[in-house]
Amino acid sequence: MTFKPAHLLVVLLVTAFPAMAQNLATVNGKAIPASKAEPFVKQALAQGQKDTPQLRAMIKDRLVGTEVLLQEAEKAGYSKNEDVKIQIEMARQQILIQSLMRAHVEKNPVSEADIKAAYDKWKAQNGDNEYHPFHILVEKEDDAKVIISKLKGGAKFEELAKQSKDTGSAAKGGDLDWVSQANVPPAFATALATLKKGQFTETPVKTEVGFHVIKLDDVRPLKLPTMEEVKQQIGESLVQEKVQAYQQSLIKKAVIK
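Quick note, our numbering runs 213 ahead of the 1-based positions in the sequence shown.
Here is the structure:
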């Protein structure tokens with residue numbers, strides 16, 4: 214094979230200085246491999262930046278600065294510090310776990326059908342209407358019955374609401390503002406659906422927090438965001454569910470003593 218003078222010069226340079234082609238820089242005698250820059254270049258490209266000499270120069274400066282600090286930290290003995298060792302180990306564990314979970318999600322991606330099913334379920338849970346209720350919360354059922362008796366006798370709901378355990382709404386006459394069926398306990402939601410405007414429950418409504426007397430002030434059609442508007446949020450939520458389910462499945466299979 215015959216080399217032209219220019220080609221021969223290139224071959225001689227690469228042969229004589231192979232490290233120059235492989236390293237970005239040398240800091241206090243320690244080489245920084247050129248390969249270390251590639252993950253940062255890929256990240257920049259993923260964010261929409263262009264692969265330019267300026268970008269690579271900036272990444273090189275960052276790596277050099279990091280290496281200088283690392284060497285100084287090593288010199289100061291921080292790599293032998295027990296607290297630092299613990300933090301390094303925790304970071305290592307976190308990176309490994311995140312890699313495992315990312316791979317699991319990539320193998321089991323959230324589909325459009327999954328998102329639609331979750332959206333439809335959420336929509337059904339909220340119902341078709343939005344309600345504006347007032348309520349009075351008390352500890353005992355008999356107390357709620359007394360309040361209902363007084364309301365039937367003409368007492369003002371807002372006045373009786375001052376004795377409510379729910380201090381937040383008591384100061385507003387029991388006003389809970391607008392809510393959907395998904396925003397309140399099931400028994401509360403069921404009671405709301407049976408009331409007409411201006412009516413109050415004639416039997417106490419029991420929930421985990423006590424007994425309610427509920428008055429419906431108004432009702433209107435519920436306007437929910439479209440699936441497209443909440444698609445990303447639903448997708449992220451489903452990914453978290455997949456991750457948690459995978460973790461639980463691994464825990465169940467593990468031998469734990």
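In this text, a Cβ means the ideal position worked out from N, Cα and C, and glycines have one as well.
Taking the alpha-carbon positions, what's the residue i to residue j distance?
i: Ile272; j: Ala250; result: 7 Å
i: Ser462; j: Val456; result: 10 Å
i: Lys358; j: Ala337; result: 32 Å
i: Lys363; j: Ser377; result: 15 Å
i: Ala326; j: Pro266; result: 44 Å
i: Glu452; j: Arg315; result: The residue you asked about is not Glu; residue 452 is Val in the sequence shown. Computed Cα separation, rounded: 10 Å.
i: Val392; j: Glu343; result: 6 Å
i: Leu350; j: Asp379; result: 6 Å
Which of the three DSSP states, helix, strand or coil, is assigned to residue i?
i: Thr265; result: coil
i: Thr228; result: Note that Thr228 scores a pLDDT of 41, beneath 50, so its modelled location is shaky and nothing firm can be said.
i: Asn339; result: helix
i: Leu451; result: helix
i: Val323; result: coil
i: Asn514; result: Given a span of 214 to 470 for the chain in the structure shown, any question on residue 514 remains unanswerable.
i: Gly423; result: strand
i: Lys436; result: coil
i: Val418; result: strand
Thinking just about the alpha-carbon of each residue, which of the options is nearest to the one in residue i?
i: Ile360; options: Ile308, Ala406 and Glu415; result: Glu415
i: Ala270; options: Lys288, Ala238 and Gly423; result: Ala238
i: Glu442; options: Ile245, Glu302, Lys329 and Leu429; result: Lys329
i: Glu449; options: Asn241, Ser324, Lys263 and Phe253; result: Ser324
i: Pro322; options: Lys470, Glu454, Ala467 and Gln460; result: Glu454
i: Glu421; options: Ser393, Lys353 and Val468; result: Lys353
Since residue i contacts residue j with CB under 8 Å, what's their CB separation in whole angstroms?
i: Ala374; j: Gly386; result: 5 Å
i: Ala404; j: Val418; result: 5 Å
I'd like the ranges of any alpha helix (DSSP H) spanning at least 4 consecutive residues and lying wholly in the region 336-415.
354-365, 370-373, 380-383 and 399-407
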